[in-house]
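First up is the structure itself, then whatever we jot down about it.
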Amino acid sequence: MTTLEGTLDMAQLGVLLRARYEEAAEQVRVQTEAVAQLRRSGDQGPGDVADAGTMVSDTEQQDLLTAALDDHMRKLGEALTRLEAGTLGTCNGCGLPIPPARMEIMPWVTHCVKCQAAAERWR
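Okay, structure coming up:
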């Protein structure tokens, strides 16, 4: 995905982002259905207190996974928006290009390593 000049091939990055977005959308769809099915099975009434506790725990875990998948899909969607706007690969902190190696690994990032580290120190 990186050219010989060490720059990002934005067309290839766009293909990668779209593929990852579609994969994430499918994972969200499958996960949402799994949560719905788990809730439907819980509507039949738990057998005992232990079953009820397990059902609640399982549902909470599935909800957390769904939220994480939704967040990942949101980040990918935002990256696609930045790609279309021509700002993908530019650090939101310093305005300099984000290194191609970082973009290849995490194409949704909005900051270079230096600016990301500074932002995390202030959290």
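So for the sequence shown, the working numbering puts the first residue at 78; every next one is plus one. No residue lacks a Cβ here, since even glycine has one placed at the ideal position from N, Cα and C.
Member of the options whose CA lies at the smallest distance from the CA of residue i
{"i": "Ala194", "options": "Pro177, Met180, Gly170 and Ala178", "result": "Gly170"}
{"i": "Val92", "options": "Leu157, Gly172, Ala101 and His188", "result": "Leu157"}
{"i": "Met220", "options": "Arg97, Ala196 and Leu160", "result": "Only positions 78 to 200 of the chain appear in the structure, and residue 220 is not among them; the question remains open."}
{"i": "Thr167", "options": "Cys192, Gln114, His149 and Arg151", "result": "Cys192"}
{"i": "Asp148", "options": "Arg198, Ala101, Ala196 and Glu197", "result": "Ala101"}
{"i": "Glu137", "options": "Arg151, Met150 and Arg116", "result": "Arg116"}
Beta-carbon contacts of residue i that lie in its chain and below 7 Å, excluding the five residues immediately before and after
{"i": "Leu94", "result": "Leu153, Ala156, Leu157, Leu160 and Pro184"}
{"i": "Leu142", "result": "Gln108"}
{"i": "Asp135", "result": "Leu115"}
{"i": "His188", "result": "Cys168, Asn169, Gly170 and Ala196"}
Where residue i sits in the DSSP three-state scheme
{"i": "Leu94", "result": "helix"}
{"i": "Pro174", "result": "strand"}
{"i": "Thr167", "result": "strand"}
Limits of the unbroken alpha helix (DSSP H) element including residue i
{"i": "Arg198", "result": "Val190 to Arg198"}
8 Å Cβ shell around residue i - same chain, five flanking residues per side excluded
{"i": "Gln139", "result": "Gln108, Ala111, Val112 and Leu115"}
{"i": "Arg200", "result": "none"}
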